[in-house]
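To start, the structure itself, in C-alpha cells.
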Amino acid sequence: MIFGVEIQTVYLVTLIVAGCITVVYILFSDFLDGIVDGFFFLNPAVILAFITIASASGYLLEQFSPMTSVLVFIISCILSAILSSLLYFFILVPLKSAEVSLAYTDQSLEGQIGKVIVPIPKDGFGEVVIETAAGIISKRATGFDNEAIDYDDEILIIEVKEGTLHVKKYQSPFK
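Going by the numbering used here, the first residue of the sequence shown is number 93, and it counts up by one from there.
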C-alpha cells in the first residue's frame, strides 16, 4: 500500500497515463525533439519508454509473483533501464542518423541525365523527367543551343535558369 492505494493500482494508473502521454508525444514529437536535442537522457521517447516498461513490468510482477514490492520495484527499474537503453542505442540513434532529405535544388540537377517526355522544339519548351533520390522529377526544358530534341531521347542537364532546364542531347560513351 502507498498512501492507502494498492501498489498494483499505482502501477496500472502509471501505465495508462504514460501510454496516453506517449500518444500525445507521437503527435507532437517534432516540436519536442527540437527543444531537448542533444540530451539523450532527456529524450522524451526514452523517458516514456522507461516509465511504461517499469510500470508494466511492476504491475505484472506484483500481480503474478510472490516477491516483495521493493524487490519488484528494483527488478522493474533494472529491466526498464536495460530495455530503454537498447531502444535508444539500437533504434533511435540509427533512425536519427539515417534521416535523408528528399528535397532537391535546381543546382543539384545540373549534370544529371534525363529523358524527354514532351518533345523540345527549336527555340521552344518541352518536358523532361529525371530520376533522383527524391523520386522522379518532371521539369520544363529547352535546348541549350536552341536545338530540337525528340521524344524519348536522353538529355544532359547543362544549367538551370529560372526553373527551366537547359539541356543537350546526350550520347552515352558506352553505346
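Glycine is no exception: its CB is placed at the ideal position from the N, C-alpha and C atoms.
As the structure is a computational prediction, the values presented were derived from the model and not from experiment.
Per the coordinates, the alpha-carbon of Y151 lies some 8 Å from the alpha-carbon of T101. Contact annotation: the stretch 166 to 182 touches the stretch 133 to 145, with at least three C-beta pairs closer than 8 Å.
A Cβ-Cβ separation of about 14 Å leaves K231 out of contact with L248 under the 8 Å criterion. It is roughly 23 Å from the alpha-carbon of G111 to the alpha-carbon of S161. Going by beta carbons, I209 and E202 fall outside the 8 Å limit. In the assembly as shown, T234 is a buried residue. Its beta-carbon has 16 or more other beta-carbons within 10 Å. L257: member of the beta strand (DSSP E) spanning 256 to 261, first to last residue.
Judged by beta-carbon spacing, I167 lies beyond the 8 Å limit of L140, meaning their Cβ atoms are not closer than that value.
Exposed is the label assigned to Y243, since fewer than 16 other Cβ atoms lie within 10 Å of its Cβ. Along the length of the stretch 167 to 230, whole alpha helix (DSSP H) runs at least 4 residues long occupy 185 to 189, 198 to 201, reported in chain order. Beta-bridge pairing by DSSP links I247 to G206, K261.
In this structure, the straight-line span from the alpha carbon of V97 to that of Y196 is close to 58 Å. Nearest in C-alpha terms to L184, of all of S264, F217, M159, A137, is A137.
Looking at D122, P158, D198, E223, the one whose alpha-carbon comes closest to that of G206 is E223.
In its chain, beyond the 5 residues on either side, A240 have a beta carbon closer than 8 Å to the beta carbon of P213.
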